[in-house]
Amino acid sequence: MECIFCQIAKKKIKADIIWEDKDVIAVYDIDPKAKVHALIFPKSHLGKSAHEKKVGLALKQIFSAIRIVAQRTGIDKTGFRVVTNHLKDAGQTVDHVHFHLLGGHSLGRMCD
Ligand code: 5GP
Ligand code: ZN
Numbered sequence: 002m003e004c005i006f007c008q009i010a011k012k013k014i015k016a017d018i019i020w021e022d023k024d025v026i027a028v029y030d031i032d033p034k035a036k037v038h039a040l041i042f043p044k045s046h047l048g049k050s051a052h053e054k055k056v057g058l059a060l061k062q063i064f065s066a067i068r069i070v071a072q073r074t075g076i077d078k079t080g081f082r083v084v085t086n087h088l089k090d091a092g093q094t095v096d097h098v099h100f101h102l103l104g105g106h107s108l109g110r111m112c113d
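Counting from 1, position 70 in the sequence shown corresponds to residue 71 in our numbering; the numbering is continuous, with no gaps.
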């Protein structure tokens, strides 16, 4: 069974797509934790056991995409937070490399 993000990338599950290219896709989170809450992930499956080199390449592409998605959603000037939840202590629920992009209002400080 393909993971939920693979199914979104292949358009087997409907999602509100903000931006995509051939490798990366950005969609609105189904359960938003901020006014703007996007998920950015590679279209091909990269789980926790993925090869480091592949993850490295994907991270470059994802961070380029984040800049574009911040512009598209109008939060590039006001600010945003980028979060990834890795494994169980962070409460990760989908084992497919992804980043949350949050913004649209003051998010409060964290990591003091
Ligand atoms: P994680 O918990 O792994 O950091 O993030 C997974 C995110 O995927 C959660 O914020 C959750 O709301 C979101 N999510 C789960 N299923 C779907 C879905 O079917 N569509 C969309 N757009 N987001 C989803
Ligand atoms: Zn996947």
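Glycine residues also receive a C-beta, built at the ideal position from the N, C-alpha and C atoms.
Inset, instruction - With a threshold of 7 Å, establish whether the CB of A16 neighbours any heavy atom of ligand 1. - result: Within the sequence shown, numbered from 1, the residue matching residue 16 stands at position 15. Checking the Cβ of A16 against ligand 1 gives yes.
Inset, instruction - Tell me whether I18 is buried or exposed, calling it buried when 16 or more other Cβ atoms sit within 10 Å of its Cβ. - result: If you number the sequence shown from 1, residue 18 lands on position 17. Exposed.
Legend entry - A71 and F81 closer than 8 Å at C-beta: Along the sequence shown, one-based indexing puts residue 71 at 70. Along the sequence shown, one-based indexing puts residue 81 at 80. Taking 8 Å as the Cβ cut-off, A71 and F81 qualify as a contacting pair.
Inset, instruction - Give a yes or no on whether the C-beta atoms belonging to H87 and H46 are separated by under 8 Å. - result: Start at 1 with the first residue of the sequence shown, and residue 87 comes out as number 86. Start at 1 with the first residue of the sequence shown, and residue 46 comes out as number 45. The answer is no: Cβ separation not under 8 Å.
Inset, instruction - Assign K110 to one of three DSSP states: helix, strand, or coil. - result: Working through the sequence shown from its first residue, we reach residue 110 at position 109. It should be pointed out that residue 110 corresponds to Arg in this sequence rather than to Lys. Coil at R110, not helix or strand.
Inset, instruction - Please work out which residues of its chain come closer than 6 Å, Cβ to Cβ, to L108, disregarding the five sequence neighbours upstream and downstream, and give them in chain order. - result: What you label residue 108 is simply residue 107 of the sequence shown in a count that begins at 1. The answer, listed in chain order, is R82.
Inset, instruction - Give the DSSP-derived three-state secondary structure of A39 in the structure shown. - result: Working through the sequence shown from its first residue, we reach residue 39 at position 38. DSSP places A39 in strand when its eight states are reduced to three.
Legend entry - Alpha-carbon spacing of F100 relative to V25, whole angstroms: For the purposes of this step, residue 100 is identified with residue 99 of the sequence shown, where counting begins at 1. For the purposes of this step, residue 25 is identified with residue 24 of the sequence shown, where counting begins at 1. So the two alpha carbons sit approximately 11 Å from each other.
Inset, instruction - Please indicate yes or no: does the CB of C4 lie closer than 7 Å to some heavy atom of ligand 2? - result: Walking along the sequence shown from the start, residue 4 turns up at place 3. Result yes, Cβ under 7 Å from ligand 2.
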